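Step one of this worksheet: look at the structure below.
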Amino acid sequence: MLLSGLAAALAPRMVLAAPESHSITARAVPRTLPGNAGPSTLWLYNEKYPLIFRAKRNEPFTAVFHNELREHSTIHWHGVRVPYGMDGVPYMPHDPVKPGDSFTYQFSPPDPGTFFFHPHCNTVEALGRGLAGVLIVEDPRDQGLFDLEHVLVLKDWRSRPDGSFGDFLTDAGAARAGTFGDLRTVNGEVMPTLTVPPGARVRLRILNVDSTRIPMLNLRGAANPVVIATDGNACDPFALNGWRLGPAMRADVAFIAPTKSGAEIVLEDVFSTRPRPLAKLVTAGDGLRSTKAVLRLPAAELPMPDLKAATTLDIQLLAGSLDPALESWAKQNGVSVDELCLTQKVFWSINRQTWPGAAHDRKPPPLFELKSGRSYVAELFNGTPHQHPMHLHGHTFRVLSSSERDLPPHWADTVLVRPKERIRIGFVAGQPGDWMFHCHIIEHQETGMMSYLRVA
Ligand code: C2O
Ligand code: CU
Numbered sequence: 016m017l018l019s020g021l022a023a024a025l026a027p028r029m030v031l032a033a034p035e036s037h038s039i040t041a042r043a044v045p046r047t048l049p050g051n052a053g054p055s056t057l058w059l060y061n062e063k064y065p066l067i068f069r070a071k072r073n074e075p076f077t078a079v080f081h082n083e084l085r086e087h088s089t090i091h092w093h094g095v096r097v098p099y100g101m102d103g104v105p106y107m108p109h110d111p112v113k114p115g116d117s118f119t120y121q122f123s124p125p126d127p128g129t130f131f132f133h134p135h136c137n138t139v140e141a142l143g144r145g146l147a148g149v150l151i152v153e154d155p156r157d158q159g160l161f162d163l164e165h166v167l168v169l170k171d172w173r174s175r176p177d178g179s180f181g182d183f184l185t186d187a188g189a190a191r192a193g194t195f196g197d198l199r200t201v202n203g204e205v206m207p208t209l210t211v212p213p214g215a216r217v218r219l220r221i222l223n224v225d226s227t228r229i230p231m232l233n234l235r236g237a238a239n240p241v242v243i244a245t246d247g248n249a250c251d252p253f254a255l256n257g258w259r260l261g262p263a264m265r266a267d268v269a270f271i272a273p274t275k276s277g278a279e280i281v282l283e284d285v286f287s288t289r290p291r292p293l294a295k296l297v298t299a300g301d302g303l304r305s306t307k308a309v310l311r312l313p314a315a316e317l318p319m320p321d322l323k324a325a326t327t328l329d330i331q332l333l334a335g336s337l338d339p340a341l342e343s344w345a346k347q348n349g350v351s352v353d354e355l356c357l358t359q360k361v362f363w364s365i366n367r368q369t370w371p372g373a374a375h376d377r378k379p380p381p382l383f384e385l386k387s388g389r390s391y392v393a394e395l396f397n398g399t400p401h402q403h404p405m406h407l408h409g410h411t412f413r414v415l416s417s418s419e420r421d422l423p424p425h426w427a428d429t430v431l432v433r434p435k436e437r438i439r440i441g442f443v444a445g446q447p448g449d450w451m452f453h454c455h456i457i458e459h460q461e462t463g464m465m466s467y468l469r470v471a
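One gets this note's numbering by counting positions in the sequence shown from 1 and adding 15 to each.
Below is the structure:
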């Protein structure tokens, strides 16, 4: 009696102390994109672009997802080492969330950093219409390291001036570098201007949520900007200097703002002959004097692969082909396999296996079967003429080396593999499950460059 009375007295306080639960509603919303005459039908989370959530490392994060789209959907927490049941890939393992239905995602993010979330169904159109959000996982160890931070979400839109969208997946794009949008935005704006106090220690969390474009980032006007985190994970700082940010990749960049007021710093893409300005930072307000600036984050705490004991996995990124039986039939009958591939929209493969379309429910065999807790080194070779940002779900891997360039070793969940390049990544197989491994140029993913690793 006494105990239950006590429990009742405590209950309201316990409810108050319960971690906050977020609500995420996906919905079609008419919005006029900058410079357009007419509205576009965007698909947004909570009618915001971009929606930004903050979570705390190792503390429960709950988000109730309501699907108000006309098609089924899911939320994939890109780069977060979530339990397998929370990974948000349809049928792997949870069913897609039907229109009008809800699903509760709950996990305690183990790693701090800059992450994002997006659907894993009809991804090319969903991302194309703006369905992506930012998840920042805060680390108490970062306290006081920076005076301020800005989140910069890069995305292009394939909208026409009247607001209508062009095709999100084109054969010409899917078979090559992807279909590009012409309207380039940061946080949904063309060349936004942000302010920073003079002399401030600035942290930029830059995310590329575009499905296609691979900018080379520079900060004109900033003295020695450094990358302090890759895909959210702390790294030994290295010069920004044109760092390529493929689709789904993130870079946290730090620098000290100029000490005089009115100074301009421009984030630009230097991929083309003429640098393309993307956003502007202007110094304004009271000056800060950071005498002891240390532009680096506390070290990442991730499972370090044991390279000596690691098993090697050979992974080849190749053009698509059909299954061997069909291929030999085609040969005997004098039919060009390329033609067959085209009609079936298979342009790409991983180790000659393909998984075309959004057919998550028809699973091919896994690319590899791994043992949880064991170390692996995957050698990714790109035998195609295009770059591929390759993403592994549920794991953060160590990018070890490249055959073609000096690559600072760093942690990532998505790694850009250039043509003819061989990149070695190392990781410890995580929780049991079927973890997707695919190119994040979504048109490549949806035309065959998609597979999964089975961890048992
Ligand atoms: Cu961000 Cu499987 O994707
Ligand atoms: Cu690709």
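The beta-carbon is built from N, C-alpha and C at its ideal position, and this holds for glycine as well.
Predicted, not measured: the structure shown is a model, and the values here were computed from it.
Between the options, which lies nearest to residue i when the distance is taken from Cα to Cα?
| i | options | result |
| --- | --- | --- |
| residue 433 | 267, 332 and 97 | 332 |
| residue 479 | 289, 36, 140 and 154 | Given that the chain is displayed from residue 16 to residue 471, the structure contains no residue 479 and the question cannot be resolved. |
| residue 382 | 453, 410 and 324 | 453 |
| residue 252 | 423, 459 and 364 | 423 |
| residue 321 | 415, 88 and 455 | 415 |
| residue 426 | 164, 291, 334 and 265 | 265 |
| residue 399 | 459, 360 and 241 | 459 |
| residue 234 | 393, 69, 262 and 291 | 291 |
| residue 304 | 269, 324 and 162 | 162 |
| residue 223 | 445, 390, 131 and 135 | 131 |
| residue 420 | 324, 258 and 411 | 258 |
| residue 468 | 412, 413, 430 and 408 | 408 |
| residue 201 | 397, 284 and 96 | 284 |
From the DSSP output, in three-state form, read off residue i for me.
| i | result |
| --- | --- |
| residue 316 | coil |
| residue 459 | helix |
| residue 64 | coil |
| residue 74 | coil |
| residue 120 | strand |
| residue 101 | helix |
| residue 245 | strand |
| residue 454 | strand |
| residue 175 | coil |
| residue 470 | strand |
| residue 265 | strand |
| residue 238 | strand |
| residue 309 | coil |
| residue 35 | coil |
| residue 156 | helix |
| residue 411 | coil |
| residue 204 | strand |
| residue 419 | coil |
| residue 464 | coil |
In angstroms, rounded to a whole number, what distance separates the CA positions of residue i and residue j?
| i | j | result |
| --- | --- | --- |
| residue 437 | residue 288 | 27 Å |
| residue 282 | residue 151 | 21 Å |
| residue 465 | residue 64 | 28 Å |
| residue 355 | residue 361 | Low per-residue confidence applies at residue 355: pLDDT is 44, beneath 50, and the placement is therefore not dependable, though the value from the model is reported in the following sentence. Roughly 8 Å between the two C-alpha positions. |
| residue 45 | residue 455 | 27 Å |
| residue 296 | residue 244 | 20 Å |
| residue 373 | residue 207 | Residue confidence for residue 373 is low, a pLDDT of 47 falling below 50, so the modelled location carries little weight; the figure read from the coordinates is stated next. Near 35 Å, if we compare the C-alpha coordinates of residue 207 and residue 373. |
| residue 271 | residue 240 | 8 Å |
| residue 358 | residue 370 | Residue confidence for residue 358 is low, a pLDDT of 38 falling below 50, so the modelled location carries little weight and cannot support an answer. |
| residue 203 | residue 61 | 15 Å |
| residue 439 | residue 182 | 35 Å |
| residue 114 | residue 236 | 48 Å |
| residue 67 | residue 312 | 21 Å |
| residue 170 | residue 133 | 13 Å |
| residue 368 | residue 193 | 20 Å |
Looking at residue i: is its Cβ nearer than 8 Å to the Cβ of residue j?
| i | j | result |
| --- | --- | --- |
| residue 51 | residue 86 | no |
| residue 501 | residue 463 | Coverage of the chain is limited to positions 16 through 471, which leaves residue 501 absent and any answer about it impossible. |
| residue 159 | residue 214 | no |
| residue 317 | residue 216 | no |
| residue 48 | residue 178 | yes |
| residue 255 | residue 268 | yes |
| residue 429 | residue 405 | yes |
| residue 81 | residue 40 | yes |
Shorter than 8 Å from the beta carbon of residue i to some beta carbon of chain D?
| i | result |
| --- | --- |
| residue 400 | Although the question refers to chain D, the structure presented lacks it and comprises just one protein chain. |
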